[in-house]
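Student: Residue numbers (my numbering): 11 to 351. Using N, Cα and C, we set each Cβ at its ideal position, and we do this for glycine too.
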């Protein structure tokens, strides 16, 4: 009998922190029509004419700040660890491959390895707990685009969301406990942002998203595919595990790009408001990321940390991502074997 194939896919990282490699990465990433969902001509003018030329050198400096001479980018380092640990856990009956949606290793190369191994099936797991067209949707579309050209297509299944996975929630909570949340004035659950228009597109009824007060605060049948609603649900579940009262934590969204309105409240705005209220110590979870990366290691620790201190705060502490946490590997094993929760 053949093996079962597993494809783990994360977002991606430049091949190096050089400006040229960062520009190449940004170009591929931002030209994805699910990421910047505007007509192709306008997208090309914006990305190739403005964002990549000007943002490339700035982003390269940030990547250099987190890059290791021995292990490269944190995202790649931890993604490889996750792949290897999952392979060890699953054993010889499975073949686990790692891919990045943008840059290397490519989804095509990983799929070809699984095809060459003649696996009986492929389980695709985008490494994003919360569904969004710009992340999970893009991965699934790329896989289908490539596989449809194969003459022989094995059974293929997809995980499109695991925002409420019990083992994942416990792993995040366990990481948080190490920092003694009770010693902090406030807890932030900071998720990656999305343009508001993309949230609206996920509302098939067109009657709920941004039209009902506090439309994302509780997960319902009307917003079950909504990225923001899933994020709020994850924050609630972690907060419950840690015994945090509602007034002790806030949900917010980071990494805003451009002038269009994104999911709110913005992390930077929340930090400013908390500083004005006299909050001195912040503990920050980033549950949209299963591996530490630029958005956690630098954006939260350095950028938000410096901003908070300038506003009168004292300390911002990042809760490390799932990385190689044993419970996270347990969670991945369960996802592979069909144990969603």
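#1: With respect to the beta strand (DSSP E) encompassing residue 185, which residues constitute its N-terminal and C-terminal limits?
#2: For the pair the stretch 160-169 and the stretch 216-232, tell me if three or more CB-CB distances fall below 8 Å.
#3: CB residue 338 to CB residue 178, shorter than 8 Å?
#4: Which runs of the beta strand (DSSP E), 3 residues or longer, sit entirely within the stretch 189-271?
#5: Around the C-beta of residue 60, are 16 or more other C-beta atoms found within 10 angstroms, so that it is buried, or is it exposed?
#6: Can you list, in chain order, the residues of its chain whose CB lies under 6 Å from that of residue 134, leaving out five sequence neighbours each side?
#7: Compare the C-alpha of residue 215 against each of 243, 230, 202, 203 and name the closest.
#8: Distance check for residue 128 and residue 310, CA to CA, integer angstroms please.
#9: For residue 327 versus residue 202, is the C-beta spacing smaller than 8 Å?
#10: According to the Cβ coordinates, are residue 22 and residue 113 closer than 8 Å?
#11: Look up residue 294 in the DSSP assignment and say whether it is helix, strand or coil.
#12: Would you grab the beta carbon distance between residue 280 and residue 265 for me? Rounded to a whole angstrom, and I think it's under 8 Å.
#13: Please state whether the Cβ-Cβ distance between residue 132 and residue 15 is less than 8 Å.
#14: What does DSSP give as the partner residue(s) for residue 110 in the beta ladder?
#15: Name the two residues that bound the continuous alpha helix (DSSP H) containing residue 46.
#16: Would a C-beta distance cut-off of 8 Å place residue 301 and residue 84 closer than the cut-off?
#17: Give every residue of the same chain whose Cβ lies closer than 7 Å to the Cβ of residue 124, excluding the five residues on either side of it in the sequence, and list them in chain order.
#18: Out of curiosity, what's the CA-to-CA distance linking residue 274 and residue 284?
#19: Have a look at residue 247 and residue 185 and give me their C-alpha separation to the nearest angstrom.
#20: Can you list, in chain order, the residues of its chain whose CB lies under 8 Å from that of residue 187, leaving out five sequence neighbours each side?
#21: For the pair the stretch 310-322 and the stretch 143-151, tell me if three or more CB-CB distances fall below 8 Å.
Tutor: Taking the geometry as given:
#1: Reading the chain shown from its first residue, position 175 is the one you call residue 185. Not the beta strand (DSSP E): residue 185 falls in the alpha helix (DSSP H), residues 176-187.
#2: Cβ pair count under 8 Å is below three, so no.
#3: Position 328 of the chain shown holds residue 338. Position 168 of the chain shown holds residue 178. Against a cut-off of 8 Å, the Cβ pair of residue 178 and residue 338 comes out as a contact.
#4: If we require 3 residues or more, the beta strand (DSSP E) runs fully inside the stretch 189-271 come out as 196-202, 259-264.
#5: The residue given as residue 60 occupies position 50 in the chain shown. The residue is exposed, with fewer than 16 neighbouring Cβ atoms inside 10 Å.
#6: In the chain shown, residue 134 corresponds to position 124, counting from 1. Here the set comprises 17, 153, 168.
#7: Counting from one through the chain shown, the residue named residue 215 turns up at place 205. 230 is the residue among 243, 230, 202, 203 whose C-alpha sits nearest the C-alpha of residue 215.
#8: Working through the chain shown from its first residue, we reach residue 310 at position 300. Working through the chain shown from its first residue, we reach residue 128 at position 118. Each residue's alpha carbon lies about 43 Å from the other.
#9: Indexing the chain shown from 1 puts residue 327 at position 317. Indexing the chain shown from 1 puts residue 202 at position 192. Residue 202 is positioned such that its CB atom lies no closer than 8 Å to that of residue 327.
#10: For the purposes of this step, residue 22 is identified with residue 12 of the chain shown, where counting begins at 1. For the purposes of this step, residue 113 is identified with residue 103 of the chain shown, where counting begins at 1. With contacts defined by Cβ atoms closer than 8 Å, residue 22 and residue 113 form a contacting pair.
#11: If you number the chain shown from 1, residue 294 lands on position 284. When DSSP states are grouped into helix, strand and coil, residue 294 belongs to the strand group.
#12: Mapped onto the chain shown, residue 280 falls at position 270. Mapped onto the chain shown, residue 265 falls at position 255. In this structure residue 280 does not touch residue 265 by the C-beta definition: roughly 14 Å separates them, more than the 8 Å allowed.
#13: Along the chain shown, one-based indexing puts residue 132 at 122. Along the chain shown, one-based indexing puts residue 15 at 5. Here residue 132 is near residue 15, since their CB atoms are less than 8 Å apart.
#14: Counting from one through the chain shown, the residue named residue 110 turns up at place 100. Residue 110 pairs with 20, 116.
#15: Along the chain shown, one-based indexing puts residue 46 at 36. Careful: residue 46 lies outside any alpha helix (DSSP H) and carries neither H nor E.
#16: Start at 1 with the first residue of the chain shown, and residue 301 comes out as number 291. Start at 1 with the first residue of the chain shown, and residue 84 comes out as number 74. With a cutoff of 8 Å on beta-carbon distance, residue 301 and residue 84 are scored as near each other.
#17: On the chain shown, position 114 is the one that residue 124 refers to. If we look at residue 124 and ignore the five residues flanking it on each side, its Cβ neighbours are 15, 17, 105, 107, 132.
#18: Taking the first residue of the chain shown as 1, we reach residue 274 at position 264. Taking the first residue of the chain shown as 1, we reach residue 284 at position 274. A direct Cα-to-Cα measurement between residue 274 and residue 284 gives close to 16 Å.
#19: The residue labelled residue 247 in the question sits at position 237 within the chain shown. The residue labelled residue 185 in the question sits at position 175 within the chain shown. One C-alpha to the other measures close to 14 Å.
#20: Within the chain shown, the letter at position 177 stands for residue 187. Result list for residue 187: 252, in chain order.
#21: Put simply, the stretch 310-322 does not touch the stretch 143-151. Fewer than three CB pairs are less than 8 Å apart.
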